[in-house]
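Count along the sequence shown starting at 1, add 141, and that's the number in the working numbering.
Notes follow the structure.
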Amino acid sequence: MREIVLSHFQIALVLQAKRSGKTNVELSPDLGISVTRAELAPDFLYFPDYPQIRLSWAHAEKIARDENACFVLNAEGIHKIKTFSELTHRAYSLYPTRSAPTMLVAGFPMHRIKDSDPLRDTLAKVKTLAPLTGIVLDTATGLGYTAIELSKTAPRVITIELDPAAQEICRANPWSRALFDNPKIERRIGDSFEIVQTFDAMTFDAVLHDPPTMSLAGDLYSLEFYRELFRVLRRGGKLFHYIGDPQSKFGANITRGVTQRLKDAGFQRLKPAPQAFGVVAWK
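Below is the structure:
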């Protein structure tokens with residue numbers, strides 16, 4: 142079924158065109174990836190490239206009012222991109238930005254959106270591991286942006302997602318399509334803490350560890366888990382660990398603890414990566 146995904150950013154253009162008396166307007170049907178044309182009728186707008194989809198002006202106003210959500214439009218109607226996890230008992234939703242959207246998990250954004258955006262945030266993290274060769278482990282899939290970016294240069298990426306509910310949000314997000322279409326990306330569903338233990342020693346050339354906040358995933362900040370990451374890295378391999386704003390009191394405290402545990406796990410060479418809000422460690 143063909144679908145359109147919109148947020149208040151796209152609908153603002155439509156409503157402005159309507160107020161100006163225009164009969165059509167160009168907008169993105171996929172949160173900024175491409176462009177299509179919308180025709181403005183008295184009671185609704187419709188899309189020649191998507192003939193089965195119509196959006197009433199009442200629903201357009203509803204989207205415009207909800208600045209914290211993204212919406213799917215298809216022949217069956219309109220619905221907000223959100224779900225509730227039976228596994229973790231957390232709410233998941235897709236949150237729009239002027240760039241790619243981010244995902245909210247229990248109200249926490251999974252990317253930096255203050256003074257940055259999800260794409261720039263992802264690029265900053267991946268850049269810390271350049272040049273990428275060999276097999277790369279992504280310990281926390283999220284919306285898949287990291288795995289997608291890693292796969293542009295790495296020949297193989299294994300990415301792990303704890304919660305099937307997060308994958309449900311991914312499938313509705315146009316920016317996550319390559320996560321399911323790219324043969325270089327292998328998806329695993331399960332707990333990173335447990336799955337990493339199943340990998341052979343020295344499997345990976347690099348690891349990108351971008352876990353949820355410590356309050357949501359404390360075991361992914363543990364010495365035991367860091368020892369496993371050290372074990373599965375090849376000699377000379379690099380780990381990037383996202384921590385948070387090093388200039389904040391909370392971030393500074395977390396950074397000190399993470400740095401010490403990484404050293405205790407065997408990583409002897411560590412370097413701050415302030416632009417990516419994390420630290421790089423070498424085996």
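Glycine included, C-beta positions come from ideal geometry on N, C-alpha and C.
Residue range 149-160 is occupied by the alpha helix (DSSP H) that includes residue 155.
A Cβ-Cβ contact shorter than 8 Å links residue 180 with residue 189. Burial check for residue 212: the Cβ neighbour count within 10 Å reaches 16 or more, so the residue is buried. Non-local beta-carbon contacts of residue 151 in its own chain, meaning distances under 7 Å to residues more than five positions away in sequence, involve 168, 169 in chain order.
Taken through DSSP and simplified to helix, strand or coil, residue 351 comes out as coil. For residue 316, no pairing in a beta bridge is given by DSSP. Taken through DSSP and simplified to helix, strand or coil, residue 289 comes out as helix. In the DSSP annotation of this structure, the continuous segment of the alpha helix (DSSP H) that includes residue 265 starts and ends at 259-268. A Cβ-Cβ separation of about 6 Å places residue 285 in contact with residue 311 under the 8 Å criterion.
Residue 233: member of the beta strand (DSSP E) spanning 232-236, first to last residue. Secondary structure note for residue 197: its beta strand (DSSP E) is the uninterrupted segment 191-197. The beta-carbon distance between residue 259 and residue 272, rounded to whole angstroms, is 23 Å. This is too long to meet the 8 Å contact definition.
In the pairwise beta carbon analysis, the segment 339-355 is classified as not touching the segment 310-324: fewer than three pairs are separated by under 8 Å. Here residue 372 carries a helix assignment [DSSP, helix/strand/coil]. In the three-state reduction of the DSSP assignment, residue 248 falls in the coil class. Taking every protein chain shown into account, the CB of residue 405 has fewer than 16 other CB atoms within 10 angstroms, so this residue is exposed. Residue 380 and residue 408 do touch by the CB rule: their CB atoms are close to 7 Å apart, below 8 Å. In this structure, DSSP gives residue 204 a helical state, which the three-state scheme calls helix.
Residue burial is scored here from C-beta neighbours: residue 256 has fewer than 16 other C-beta atoms within 10 angstroms and is therefore classed as exposed. Residue 209 carries a coil assignment under DSSP once its states are collapsed to helix, strand and coil.
Taking C-beta separations shorter than 7 Å and ignoring five residues to either side along the sequence, the partners of residue 231 in its chain run 246, 247, following chain order. Sixteen is the threshold: when 16 or more other Cβ atoms of the shown chains lie within 10 Å of the Cβ of residue 173, as they do, the residue is buried. Here the segment 290-305 makes no contact with the segment 374-388; the two share fewer than three CB pairs at distances below 8 Å. Shown here, residue 222 sits in coil according to DSSP, grouped into three states, outside any helix or strand.
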